[in-house]
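Enquirer:
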Amino acid sequence: MYAINDFYSLPLRPEDVTLLQGLLDEELEARHITIDSEKADTIARRLIELFQSGVREADALRYVIKAK
Numbered sequence: 002m003y004a005i006n007d008f009y010s011l012p013l014r015p016e017d018v019t020l021l022q023g024l025l026d027e028e029l030e031a032r033h034i035t036i037d038s039e040k041a042d043t044i045a046r047r048l049i050e051l052f053q054s055g056v057r058e059a060d061a062l063r064y065v066i067k068a069k
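In this text, residue positions in the sequence shown follow my numbering: the first is 2, and each later residue adds one.
1) Is the beta carbon of Arg-57 closer than 9 Å to that of Glu-28?
2) Which residues bound the alpha helix (DSSP H) around Pro-15?
3) Assuming Ile-66 and Ile-44 make a contact with CB atoms under 8 Å, what is their CB distance in whole Å?
4) Less than 8 Å between C-beta atoms, sequence neighbours within five positions excluded: which residues of the same chain meet that for Leu-24?
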């Protein structure tokens, strides 16, 4: 379990990366964006920022990313 307010200092675990990659892939497919584009990089960075700030649920991450 993560200590509260300590998300930024923790490394991403393999299951975290799997979750984030799956969400990124979903969003890129929905938006018809290629993985090697600047927009894909922006979405990936945003997902990681959200995750490290404490947004850990897939549905919450998905909701925030779709809103952008």
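We treat Cβ as the ideally placed atom computed from N, Cα and C, and that holds for glycine.
Expert: So, from the listed chains and residues:
1) Residue 28 sits at position 27 when you count from the first residue of the sequence shown. Residue 57 sits at position 56 when you count from the first residue of the sequence shown. Against a cut-off of 9 Å, the Cβ pair of Arg-57 and Glu-28 comes out as no contact.
2) Residue 15 sits at position 14 when you count from the first residue of the sequence shown. Its alpha helix (DSSP H) spans residues 15–32.
3) In the sequence shown, residue 66 corresponds to position 65, counting from 1. In the sequence shown, residue 44 corresponds to position 43, counting from 1. Right, their Cβ atoms sit about 6 Å apart.
4) Walking along the sequence shown from the start, residue 24 turns up at place 23. The residues are Leu-48, Ala-59, Leu-62, Arg-63 and Ile-66.
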